[in-house]
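Reviewing the structure listed below.
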Amino acid sequence: MQTKLEQIALYKHNSLEQLILHWFTQVMMLQICSSDTLQFDLLAPEFELIDPTPDIHALFQSYDALFFFDQLGKCEVKWSSRMTLCAGLCSYQPRTGFCSIRLSAPLLRLRPRSDLINTLLHEMIHAFLFLSSGVRDHDDHGPSFQGHMTRINSLANTKITVFHTFHQEVDAYRLHWWQCDGICRTKKPYFGLVKRAMNRPPSKRDTWWAEHQRSCGGTFTKIKEPEDYKKKKVRKVTSGKKLGTNSDITSYFTKTHKDVSMQRTEASSIAGDTQQSSILADRKIVLIDLTEEG
Numbered sequence: 462m463q464t465k466l467e468q469i470a471l472y473k474h475n476s477l478e479q480l481i482l483h484w485f486t487q488v489m490m491l492q493i494c495s496s497d498t499l500q501f502d503l504l505a506p507e508f509e510l511i512d513p514t515p516d517i518h519a520l521f522q523s524y525d526a527l528f529f530f531d532q533l534g535k536c537e538v539k540w541s542s543r544m545t546l547c548a549g550l551c552s553y554q555p556r557t558g559f560c561s562i563r564l565s566a567p568l569l570r571l572r573p574r575s576d577l578i579n580t581l582l583h584e585m586i587h588a589f590l591f592l593s594s595g596v597r598d599h600d601d602h603g604p605s606f607q608g609h610m611t612r613i614n615s616l617a618n619t620k621i622t623v624f625h626t627f628h629q630e631v632d633a634y635r636l637h638w639w640q641c642d643g644i645c646r647t648k649k650p651y652f653g654l655v656k657r658a659m660n661r662p663p664s665k666r667d668t669w670w671a672e673h674q675r676s677c678g679g680t681f682t683k684i685k686e687p688e689d690y691k692k693k694k695v696r697k698v699t700s701g702k703k704l705g706t707n708s709d710i711t712s713y714f715t716k717t718h719k720d721v722s723m724q725r726t727e728a729s730s731i732a733g734d735t736q737q738s739s740i741l742a743d744r745k746i747v748l749i750d751l752t753e754e755g
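Straight run, no breaks: the sequence shown in the numbering used here ends on number 755.
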């Protein structure tokens, strides 16, 4: 087997995905089948410098071949710019048999590369179970999930866990706060505070609302929001040109019609009152214009 320095040198001429497959090929050629010795390090610190922002689609294809037997052909992976409550999410559509993995750009942008790798593999395990078994619940982290998690962790020195919610980063995007004035403001763990990334006040749409009304009954008041939030909102509303009070589109047609009628009346009065005189006057004007241009 090559040393780590030799592997790093190899990477300078190949992509990260080719390096992973190179490692895998070496292992297969040596016929090392024991899970205790069949190892490589996907979280090696060197990768943080060599490839800090990897291509998630290339990683997905490599990991599919390496860990999931090329069974994730009906699964896509993409970044989400709006997902701020969790680092990753895998959804399954039974009707089409299609999976979609979404990775949170806001959360993972603030984390080391290794967290992206662990999150992607976590969601790929969900996708594999969705497509290869009867599991349909994304929150199912039972024996099947943990078996694949342990297998990949031991093989690739990864640190896949059952949960991958980054609390500090999630809170960093929760800039809209509401405080309850009831008795729940004195109780742990939330002390009557509701924090959200979106400006959506607590209401009956929340699953916990009925219980809160029964046990507390307090009223939520907004106490914090992003800086300049109201100014941005007003600027968005007034960014377009506002139509005047008399800007009915039909008024323009009516006005134009009146102007044309007045012009025709003036032309008729100059050339004569009959339609024939009006036509002759028009022709005369045209002839004069042509003569002048020539």
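In this text, a Cβ means the ideal position worked out from N, Cα and C, and glycines have one as well.
Keep in mind the model is a prediction, meaning the values are calculated, not measured.
Checking the DSSP bridge columns, you'll see Val538 partnered with Ile562.
Proximity of the segment 560-574 to the segment 542-549 meets the contact definition, three or more beta-carbon pairs being nearer than 8 angstroms. Nearest in C-alpha terms to His637, of all of Gly643, Leu654 and Cys645, is Leu654.
By the 16-neighbour rule on beta-carbons within 10 angstroms, Phe589 is buried. Distance from the CA of Arg612 to the CA of Phe521, rounded to the nearest whole angstrom, comes to 17 angstroms. Contact annotation: Trp639 and Thr682 have beta-carbon atoms nearer than 8 angstroms.
In the three-state reduction of the DSSP assignment, Gly603 falls in the coil class, being assigned neither a helical nor a strand state. If you compare the alpha carbons of Glu686, Pro650 and Cys645 with that of His673, the shortest gap goes to Cys645. Approximately 6 angstroms separates the beta-carbon atoms of Leu592 and Lys535; this is inside 8 angstroms, confirming the contact. According to the DSSP secondary-structure assignment, Val655 is paired through a beta bridge with Trp639. The segment 568-575 makes contact with the segment 503-511; the number of CB pairs closer than 8 angstroms reaches 3 or more. DSSP places Phe529 outside both helix and strand once states are collapsed to three, so it counts as coil. In the three-state reduction of the DSSP assignment, Phe624 falls in the coil class. Under the DSSP definition of a beta bridge, Leu550 partners with Arg563. Per the C-alpha coordinates, the member of Arg666, Gln607 and Met659 positioned closest to Lys685 is Met659. For Pro663 against Trp670, the beta-carbon gap comes to about 7 angstroms, under 8 angstroms, which counts as contact.
Of the candidates Cys560, Gln532, Ala617 and Ser542, Cys560 places its Cα closest to the Cα of Asp598.
For Phe681, there is no enclosing alpha helix (DSSP H); the enclosing beta strand (DSSP E) has its first and last residue at Phe681 to Lys685.
CA-to-CA, the gap between Lys648 and Cys641 works out to about 11 angstroms. Rounded to the nearest whole angstrom, the C-alpha separation of Ser541 and Asp516 is 14 angstroms. Comparing C-alpha distances from Gly679 to each of Arg657, Gly643 and Pro650 shows the shortest one belongs to Gly643. Spanning the alpha carbons of Leu569 and Lys539 requires a straight line of approximately 13 angstroms.
Under the three-state reduction of DSSP output, Ser593 falls in the helix class.
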